[in-house]
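Novice: I have a structure I would like to understand better, so I am pasting it below and will then ask my questions one at a time.
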Amino acid sequence: MPPEQEKGTPAVAVAGLRRDYGDRPAIDGLGFELEAGASLVVLGPNGAGKTTLLRILATLLRPSAGEVRVLGCELPKEAWKLRGRIGYLGHEPLLYRDLSGRENLRFHARLHGLAGDEAAARIDSVLAATGMERRAESRVAELSAGMRQRLAIARCVLHEPELLLLDEPDSNLDAEGRELVRGLIGPGTGRTRVVVTHDPDRFLPEADRVLRLGIGERAAVA
Amino acid sequence: MTPSRTAFAAILGKDLRTELRTLQSLPAMALFAVTTFVIFRFGLDRTSLAGSLASGVLWATLLFAAVLGINRLFIAEREEGGFDAIRLAPIDRSTLFAAKAAALVVYLAALELVTVPIFALFFLDTAAGLLPLLAVLLLADLGLAATGTLISSMAVNSRARDLLVPLVLLPLVVPMMIAATGATEPLLAAGGPGYDRFGSWLLVLGLYDLVFGLLGYAVFDFLLED
Chain A
1153 MPPEQEKGTP AVAVAGLRRD YGDRPAIDGL GFELEAGASL VVLGPNGAGK
1203 TTLLRILATL LRPSAGEVRV LGCELPKEAW KLRGRIGYLG HEPLLYRDLS
1253 GRENLRFHAR LHGLAGDEAA ARIDSVLAAT GMERRAESRV AELSAGMRQR
1303 LAIARCVLHE PELLLLDEPD SNLDAEGREL VRGLIGPGTG RTRVVVTHDP
1353 DRFLPEADRV LRLGIGERAA VA
Chain B
42 MTPSRTAFAA ILGKDLRTEL RTLQSLPAMA LFAVTTFVIF RFGLDRTSLA
92 GSLASGVLWA TLLFAAVLGI NRLFIAEREE GGFDAIRLAP IDRSTLFAAK
142 AAALVVYLAA LELVTVPIFA LFFLDTAAGL LPLLAVLLLA DLGLAATGTL
192 ISSMAVNSRA RDLLVPLVLL PLVVPMMIAA TGATEPLLAA GGPGYDRFGS
242 WLLVLGLYDL VFGLLGYAVF DFLLED
């Protein structure tokens, strides 16, 4: 279970956020707050800055301007305090192709300070929850895109993060896979979630807040 | 924060396991070195080398073979998202530098384990200088690993990394090569190993290792920033 989050304190607070790539701003003047335990769904066309926003919240990109606080940590200054408390699922599965699924999860567990029986139990648990036990010893290079996505989700929640940052979490998943992973990354987990998607029909029903990003226009928060 | 020792062991173990499984770097490095020895043997038309010539042939070959491994050191991190995985983990990022440098030392040691005896078979009349040569190899490997890891991490995101690594690395390792060949030359002398200025050259190598080890440790965190 995720650690208890303080009620009433925004888990994510963003004000006046700007991120430039060269002379071009990918995000400009963005602001929103997200309560602990709530789900934010981020919508917008390609190039609107959705992935950029997620990578800034994950501490993988530095903001060019503005204020960002995640789980009480000011970014980028206190990024080191935040790492380990977030689960990030990006476009890349962050898995090594020549290691098996279990070896990859063991590697990530060790990076997050998990070892021994505790790590083994958690690895077994997330493999079971994603339906990947039978292919756990296969090299990632031998797995289908959908199976890699299941493993990536297992990696994302392995260390029991408080905040989930999910970029198109359903991509490559079949109906069974989508249903399986809901138990790990769905709204019922009690974790704060930021979900980037191109599939509003699927994710809007479970959203507490919606952020619509546009190209060259101000973001709309509902 | 995850203890650096745990993260170091995890990254080093991952790299060594992957290399053992895929053999992407070591066989190429060894094959390159052996082929170069053959070329030197016929190019120089000599069956026996000693002194500065033997030292030069050995170190030039090892250095260029090492470049092959250095070029590939961070490929998995770039292509399979390993950089992001490391950056998302609660670890000191310099641990990645230390683990990668350690992996490179292991590759270089394995390369030398195979190629130095072949070099001795091809060119040396006596193997008496090989034992003290181990100290030179070890110190040079540490320096090459520190410099190579630093340069490889800087070049990996560039399309021209195959060009960048040798272009930037080779000038930086000139002092180390001067010291390594200087220390090796008396060991491979025609009349048997000598130790003229051997200790001084080892000190220079040690100093080089220290400078580039500290430099890599200090700046690596910044190199991983976006």
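For the record, the sequence lines run as chains A and B.
Numbers in the working numbering are just positions in the first sequence, counted from 1, shifted up by 1152.
Numbers in the working numbering are just positions in the second sequence, counted from 1, shifted up by 41.
We put the beta carbon where it would ideally sit given N, CA and C, even for glycine.
1) Check whether the stretch 159-176 of chain B touches the stretch 90-101 of chain B, taking contact to mean three or more Cβ pairs, one atom from each stretch, closer than 8 angstroms.
2) Of all the options A:Arg1291, A:Ile1367, A:Val1309 and A:Arg1343, which has the alpha carbon lying nearest to the alpha carbon of Thr59 (chain B)?
3) Any C-beta of chain B sitting closer than 7 angstroms to the C-beta of Glu1289 (chain A)?
4) Can you list the alpha helix (DSSP H) stretches of 4 or more residues lying completely in the stretch 176-241 of chain B, in chain order?
5) Considering only C-alpha positions, which residue in the set B:Ala117, B:Phe138 and B:Val108 is nearest to Leu213 (chain B)?
6) Identify every residue that forms a DSSP beta bridge with Arg1361 (chain A).
7) Shorter than 7 angstroms from the beta carbon of Lys141 (chain B) to some beta carbon of chain A?
8) What residues from the stretch 1319-1333 of chain A come within 9 angstroms of chain B, judged by C-beta to C-beta, listed N to C?
9) For Pro1378 (chain A), count neighbouring Cβ atoms within 10 angstroms of its own Cβ and tell me buried if that reaches 16, exposed if not.
10) Pick from A:Leu1186, A:Gly1174 and A:Gly1196: whose alpha carbon is nearest that of Arg1364 (chain A)?
11) Within 7 angstroms of any Cβ in chain B, is that where the Cβ of Pro1155 (chain A) sits?
12) Residues of chain B with a CB under 8 angstroms from the CB of Glu1244 (chain A): which are they?
13) Listed from N- to C-terminal order along the chain, which residues in the stretch 1262-1274 of chain A have their beta-carbon within a distance smaller than 8 angstroms of any beta-carbon of chain B?
14) Please name the residue in A:Glu1270, A:Ala1163 and A:Gly1199 whose C-alpha comes closest to that of His1311 (chain A).
15) What runs of the beta strand (DSSP E), each 3 residues or longer, lie entirely inside the stretch 1195-1234 of chain A?
16) Rounded C-beta distance between Thr1344 (chain A) and Val1193 (chain A)? I'm assuming under 8 angstroms.
17) Compute the Euclidean distance between the alpha carbons of Ala131 (chain B) and Ile80 (chain B), then round it to the nearest angstrom.
18) Only counting the same chain, and skipping five residues up and downstream in sequence, which positions put a Cβ closer than 7 angstroms to that of Met218 (chain B)?
19) Compare the C-beta of Arg128 (chain B) with all C-beta atoms of chain A and state if any pair is closer than 7 angstroms.
20) Identify whether Thr102 (chain B) lies in helix, strand or coil by the three-state DSSP scheme.
21) Quick check on the burial criterion: 16 or more other C-beta atoms within 10 angstroms. Buried or exposed for Leu172 (chain B)?
22) Which residue's Cα is closest to the Cα of Leu1209 (chain A): A:Gly1189, A:Ser1277, A:Ala1200 and A:Arg1237?
23) For chain A, find out if any of its Cβ atoms is closer than 7 angstroms to the Cβ of Arg113 (chain B); answer yes or no.
24) Going by DSSP in three states, Ile1367 (chain A) sits in which element: helix, strand or coil?
25) Which two residues bound the contiguous alpha helix (DSSP H) that contains Thr76 (chain B)?
26) Quick check: the Cα distance between Ala1359 (chain A) and Ser1191 (chain A), rounded to an integer number of angstroms?
27) Going along the chain, which residues of the stretch 191-224 of chain B sit with their C-beta nearer than 8 angstroms to a C-beta in chain A?
28) Quick one: which chain A residues come within Cβ less than 8 angstroms of Ala48 (chain B)?
29) Give the C-beta separation of Ala281 (chain B) and Phe1259 (chain A) to the nearest angstrom, bearing in mind that I take them to be a contact with Cβ-Cβ under 8 angstroms.
30) Mapping the DSSP letters down to three states, classify Ala1288 (chain A) as helix, strand or coil.
31) Put Leu137 (chain B) into one of helix, strand or coil per three-state DSSP.
32) Please list the terminal residues of the continuous beta strand (DSSP E) segment that includes Asp1276 (chain A).
33) Taking all protein chains shown into account, decide if Phe253 (chain B) is buried (16 or more other Cβ within 10 angstroms of its Cβ) or exposed.
34) Would you mind giving the Cβ-Cβ distance between Glu1246 (chain A) and Ala1306 (chain A), rounded to the nearest angstrom? I have them listed as a contact below 8 angstroms.
35) In whole angstroms, give me the CA-to-CA distance for Ala1374 (chain A) and Leu211 (chain B).
36) Which of the three DSSP states, helix, strand or coil, is assigned to Gly1242 (chain A)?
Specialist: On the basis of the data shown:
1) Under the Cβ criterion (8 angstroms, minimum of three pairs), the stretch 159-176 of chain B counts as touching the stretch 90-101 of chain B.
2) Of the listed residues, the one whose Cα sits closest to Thr59 (chain B) is A:Arg1291.
3) no
4) 202-213 and 215-228
5) B:Val108
6) A:Leu1192
7) The beta carbon of Lys141 (chain B) does not come within 7 angstroms of any beta carbon belonging to chain A, so the residue lies off that interface.
8) Using a CB distance below 9 angstroms, no part of the stretch 1319-1333 of chain A faces chain B.
9) Coverage of chain A is limited to positions 1153 through 1374, which leaves residue 1378 (chain A) absent and any answer about it impossible.
10) A:Gly1196
11) Here Pro1155 (chain A) scores only 44 on pLDDT, less than 50, and its place in the model should not be relied on; the value that follows carries that caveat. Not one chain B Cβ lies under 7 angstroms of Pro1155 (chain A).
12) Glu121, Gly122 and Asp125
13) Arg1262, Leu1263, His1264, Gly1265 and Ala1267
14) Nearest C-alpha to His1311 (chain A): A:Glu1270.
15) Runs found: 1217-1222 and 1225-1227.
16) In fact, because the Cβ distance is near 13 angstroms, the residues do not count as touching under 8 angstroms.
17) Ala is not the amino acid found at residue 131 (chain B); the sequence shown has Pro there. Straight-line Cα distance between these residues: approximately 49 angstroms.
18) Trp100 and Leu104
19) yes
20) In the structure shown, Thr102 (chain B) adopts helical secondary structure according to DSSP, grouped into three states.
21) exposed
22) The shortest Cα separation from Leu1209 (chain A) among A:Gly1189, A:Ser1277, A:Ala1200 and A:Arg1237 belongs to A:Arg1237.
23) no
24) Reduced to three states, the DSSP call for Ile1367 (chain A) is coil.
25) Leu67 to Leu85
26) 5 angstroms
27) none
28) The answer, in chain order, is Arg1262 and Leu1263.
29) Nothing in the structure corresponds to residue 281 (chain B), since chain B is present only between 42 and 267.
30) It is coil, neither helix nor strand.
31) helix
32) Note, Asp1276 (chain A): premise wrong, no beta strand (DSSP E); alpha helix (DSSP H) at Gly1268 to Ala1281.
33) buried
34) Residue identity differs from the one stated: residue 1246 (chain A) is Leu in this sequence, not Glu. No, Leu1246 (chain A) and Ala1306 (chain A) are not in contact; Cβ-Cβ is about 11 angstroms, not under 8 angstroms.
35) 57 angstroms
36) coil
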